[in-house]
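A.B. asks: Anchor point for the sequence shown: position 168 equals 167 in numbering that gives the first Met the number 0, and the numbering is continuous, going up by one each time.
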Amino acid sequence: MIQHVGRQAKQQEACDKSALRHHTVEGWSVVKARAVSTLPSQFSKYGEWCMWESLEQTFDGAIYDVSATSWLIAAIALVVTVFGLGLIKRLLVGRLEQLSDRRMFSALSVVVKMLEKTTFVFYVAVGLHAAVLSLDLPERFERMVEVAVIVTVFFQLGRWASEGISQTIQRYRATEDEDPAESTALAALQFMARFLVWVGVLLLVLDNLGFDITALVASLGIGGVAVALAVQNILGDLFASLSIIVDKPFVIGDFIIVGDFMGTVEKIGLKTTRVRSLGGEQLIFSNTDLLKSRVRNYKRMEERRVVFEFGVVYQTATRQIERIPQMVREIIEGEEQTRFDRAHFKAFGESAFQFEVVYYVLSPDYNVYMDIHERIILEMLRGFRSEEIQFAYPTRTVHLEGKLGGATSANPTAVPA
Numbered sequence: 000m001i002q003h004v005g006r007q008a009k010q011q012e013a014c015d016k017s018a019l020r021h022h023t024v025e026g027w028s029v030v031k032a033r034a035v036s037t038l039p040s041q042f043s044k045y046g047e048w049c050m051w052e053s054l055e056q057t058f059d060g061a062i063y064d065v066s067a068t069s070w071l072i073a074a075i076a077l078v079v080t081v082f083g084l085g086l087i088k089r090l091l092v093g094r095l096e097q098l099s100d101r102r103m104f105s106a107l108s109v110v111v112k113m114l115e116k117t118t119f120v121f122y123v124a125v126g127l128h129a130a131v132l133s134l135d136l137p138e139r140f141e142r143m144v145e146v147a148v149i150v151t152v153f154f155q156l157g158r159w160a161s162e163g164i165s166q167t168i169q170r171y172r173a174t175e176d177e178d179p180a181e182s183t184a185l186a187a188l189q190f191m192a193r194f195l196v197w198v199g200v201l202l203l204v205l206d207n208l209g210f211d212i213t214a215l216v217a218s219l220g221i222g223g224v225a226v227a228l229a230v231q232n233i234l235g236d237l238f239a240s241l242s243i244i245v246d247k248p249f250v251i252g253d254f255i256i257v258g259d260f261m262g263t264v265e266k267i268g269l270k271t272t273r274v275r276s277l278g279g280e281q282l283i284f285s286n287t288d289l290l291k292s293r294v295r296n297y298k299r300m301e302e303r304r305v306v307f308e309f310g311v312v313y314q315t316a317t318r319q320i321e322r323i324p325q326m327v328r329e330i331i332e333g334e335e336q337t338r339f340d341r342a343h344f345k346a347f348g349e350s351a352f353q354f355e356v357v358y359y360v361l362s363p364d365y366n367v368y369m370d371i372h373e374r375i376i377l378e379m380l381r382g383f384r385s386e387e388i389q390f391a392y393p394t395r396t397v398h399l400e401g402k403l404g405g406a407t408s409a410n411p412t413a414v415p416a
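(1) With a floor of 4 residues, list each alpha helix (DSSP H) that falls wholly inside the segment 237 to 289, ordered by position along the chain.
(2) Under a three-way DSSP split, which group does TYR358 fall into?
(3) Of all the options ARG295, MET143, PRO393, which has the alpha carbon lying nearest to the alpha carbon of SER350?
(4) What is the residue span of the alpha helix (DSSP H) that GLU378 lies within?
(5) Could you tell me which of THR317, GLU302, ASP288, GLN97 sits nearest to ASP364, measuring between CA atoms?
(6) Closest to MET113 by C-alpha separation, out of VAL198, ARG89, SER240, would be which residue?
(7) Locate the alpha helix (DSSP H) running through GLU335, then write down its first and last residues.
(8) May I ask which residues mark the beginning and end of the beta strand (DSSP E) holding ARG172?
(9) So the candidates are GLU321, ARG275, GLN189, THR263; which of them puts its Cα closest to the Cα of ASN296?
(10) Per DSSP, which one or two residues make a beta bridge with GLN353?
(11) Note down, in chain order, each residue of its chain lying with its Cβ closer than 7 angstroms to the Cβ of THR396, except the 5 sequence neighbours on either side.
(12) Excluding the 5 residues flanking ALA106 on each side, which residues of the same chain have their C-beta closer than 6 angstroms to its C-beta?
(13) Which one of GLU145, GLY93, VAL125, GLU387 has the shortest CA to CA distance from PHE82?
(14) Closer than 7 angstroms by C-beta to ASN286: which residues in its own chain qualify, once you throw out the five before and the five after it? Chain order, please.
(15) Mind checking who ASN296 pairs with in its DSSP beta bridge?
(16) Measure the beta-carbon distance from GLY157 to VAL200 and round it to whole angstroms, keeping in mind my assumption that it falls under 8 angstroms.
(17) Between ASN207 and LEU282, what straight-line distance do the alpha-carbon atoms span, to the nearest angstrom?
(18) Between the alpha carbons of GLY348 and PHE390, how many angstroms are there, rounded?
(19) What separation, rounded to the nearest whole angstrom, lies between the Cα atoms of ARG293 and ARG299?
(20) Under the rule that 16 or more other beta-carbon atoms within 10 Å means buried, what is TYR313, buried or exposed?
(21) Do you know offhand how far GLY46's Cα is from LEU136's?
(22) Candidates ARG139, THR151, ALA346: which alpha carbon is nearest PHE119's?
(23) Rounded to whole angstroms, how far is the Cβ of LEU352 from the Cβ of PHE344, which I believe are closer than 8 angstroms?
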């Protein structure tokens with residue numbers, strides 16, 4: 000009983016001191032009066048004052064010596080930032096989708112997919128950073144918030160970059176014919192690109208958190224060099240394969256000539272490319288060797304330029320020589336899939352007057368070209384024979400001097416009988 004009375008006396012003394020100070024704050028007195036009226040009757044006068052004393056201490060700066068107003072402003076900043084970023088994202092995604100559908104611009108679709116990977120945690124991290132800026136918190140607490148924000152922001156950047164890579168490769172594959180080798184190479188490219196992105200994100204996070212990543216980067220570099228030297232040829236062919244698939248100097252089905260070899264491309268693998276030659280055998284080229292070689296791709300030819308020469312004998316009359324270019328032109332223009340370019344008396348050869356003819360076959364098909372060229376030279380043969388113009392061929396005239404017969408070793412200048 001004595002202890003209870005003493006406790007009440009101490010409570011009364013503390014509350015009386017507090018009441019003296021609170022009488023100067025009219026607002027708090029009003030709030031207290033309203034709240035006390037709702038409390039159960041068993042609370043004593045001193046208990047009521049002590050409860051309000053603890054609440055007031057809390058709102059008057061008991062949490063990290065920050066006022067209630069500052070905490071309220073920080074909370075508002077957090078909420079506004081989170082909902083504001085969410086609203087901005089929705090508006091931006093909607094607008095970009097409209098532009099993408101209207102203009103058929105695939106890059107905007109990639110950006111939309113990247114924005115859709117934005118997480119709610121990222122909004123909270125940005126909002127928390129904005130809230131902390133308005134508070135004067137202890138250094139330890141600010142550091143904790145800073146670490147959380149750094150990790151969250153870089154994680155979000157990694158998600159955006161990773162999604163951008165995936166969407167770009169998927170859209171590239173959608174525009175091309177389905178090919179298992181190409182799909183495998185693109186999947187490998189996607190994995191390596193995303194792996195490098197996340198390695199970069201990890202290094203950036205560690206660097207921003209204050210860790211010394213110089214030794215880590217150096218060790219990764221040494222390890223990478225060792226691995227690269229061990230598998231140098233394989234990696235060279237792998238990247239050459241990716242270069243062929245992305246740059247497309249040739250694709251499956253193209254007829255190519257590489258040095259002295261020619262044939263139709265059958266398969267583009269991660270290490271080799273296989274070509275079916277005209278003779279039927281399969282030629283296997285290293286992808287690295289192909290990129291270093293001069294490749295002639297005939298599949299992409301739209302029209303074929305044909306150049307050929309012929310000669311007529313020196314006994315041909317001038318009138319006939321002047322007539323020859325016009326005759327050749329009429330023969331070529333008589334073919335449907337040709338375009339005449341020129342025909343000229345080119346030069347004096349060793350045994351003939353030399354002519355040069357240029358025309359175009361308006362089809363890349365080799366068989367079509369050969370059929371047309373055959374008809375042209377056959378028609379030239381008929382026309383020249385009707386005009387009594389002789390084609391030249393290599394000839395040599397030998398003139399003999401001296402007396403006929405009697406040639407001996409003693410008289411070598413005599414002509415044999």
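Where a beta carbon is used, it is the ideal one built from N, C-alpha and C, also for glycine. From a predicted model like this one, the values you see are computed outputs, not experimental measurements.
C.D. replies: To lay it out plainly:
(1) none
(2) Against the sequence shown, residue 358 aligns to sequence position 359. Of the three classes helix, strand and coil, the one that applies to TYR358 here is strand, per DSSP.
(3) Here residue 350 refers to the residue found at position 351 when the sequence shown is read from its first residue. The option with the nearest alpha carbon to SER350 is PRO393.
(4) Taking the sequence shown and counting its residues from 1, one reaches residue 378 at position 379. Where GLU378 is concerned, the enclosing alpha helix (DSSP H) stretches over 365 to 385.
(5) Within the sequence shown, residue 364 is the residue found at index 365, counting from 1. When each option's Cα is compared against that of ASP364, the closest is GLU302.
(6) Your numbering for residue 113 matches position 114 in the sequence shown. MET113 has its Cα closest to that of ARG89, out of VAL198, ARG89, SER240.
(7) Walking along the sequence shown from the start, residue 335 turns up at place 336. Per DSSP, GLU335 belongs to no alpha helix (DSSP H) and is neither H nor E.
(8) Looking up residue 172 in the sequence shown gives position 173. Counting along the chain, ARG172 falls outside any beta strand (DSSP E), though it belongs to the alpha helix (DSSP H) covering 138 to 173.
(9) Position 297 of the sequence shown, counting from 1, holds the residue named residue 296. Selected option, being the one with the closest Cα: THR263.
(10) The residue given as residue 353 occupies position 354 in the sequence shown. BP columns for GLN353 point to GLY310, ALA346.
(11) Taking the sequence shown and counting its residues from 1, one reaches residue 396 at position 397. Nothing listed; no residue qualifies.
(12) Looking up residue 106 in the sequence shown gives position 107. Within the same chain, ALA106 has no close Cβ partners at all.
(13) On the sequence shown, residue 82 is found 83 positions in, with the first residue counted as 1. Measuring from the Cα of PHE82, the nearest candidate turns out to be VAL125.
(14) In the sequence shown, counting from the first residue as 1, residue 286 sits at position 287. Hits under 7 angstroms: ASP236, ALA239, SER240, ILE243, LYS270, THR271, THR272.
(15) As a working note, residue 296 is residue 297 in the sequence shown. Note: ASN296 sits in a beta bridge opposite ILE255.
(16) Stepping through the sequence shown from its first residue, residue 157 is reached at position 158. Stepping through the sequence shown from its first residue, residue 200 is reached at position 201. That pair is a contact at about 4 angstroms.
(17) On the sequence shown, residue 207 is found 208 positions in, with the first residue counted as 1. On the sequence shown, residue 282 is found 283 positions in, with the first residue counted as 1. Each residue's Cα considered, the two are about 53 angstroms apart.
(18) Locating residue 348 in the sequence shown gives position 349, where the first residue counts as 1. Locating residue 390 in the sequence shown gives position 391, where the first residue counts as 1. Going from the Cα of GLY348 to the Cα of PHE390 covers about 13 angstroms.
(19) The count along the sequence shown starts at 1 and reaches residue 293 at position 294. The count along the sequence shown starts at 1 and reaches residue 299 at position 300. The straight-line gap from Cα to Cα measures roughly 16 angstroms.
(20) Looking up residue 313 in the sequence shown gives position 314. Exposed.
(21) Indexing the sequence shown from 1 puts residue 46 at position 47. Indexing the sequence shown from 1 puts residue 136 at position 137. With a pLDDT of 46 at GLY46, under the threshold of 50, the modelled position of that residue is not reliable, and the figure given next carries that caveat. Looking at the two C-alpha atoms, the distance is approximately 32 angstroms.
(22) Here residue 119 refers to the residue found at position 120 of the sequence shown. Of the listed residues, the one whose Cα sits closest to PHE119 is THR151.
(23) In the sequence shown, residue 352 corresponds to position 353, counting from 1. In the sequence shown, residue 344 corresponds to position 345, counting from 1. One point to set straight first is that residue 352 is Phe, not Leu, in the sequence displayed. The Cβ separation is near 6 angstroms, so the contact holds.
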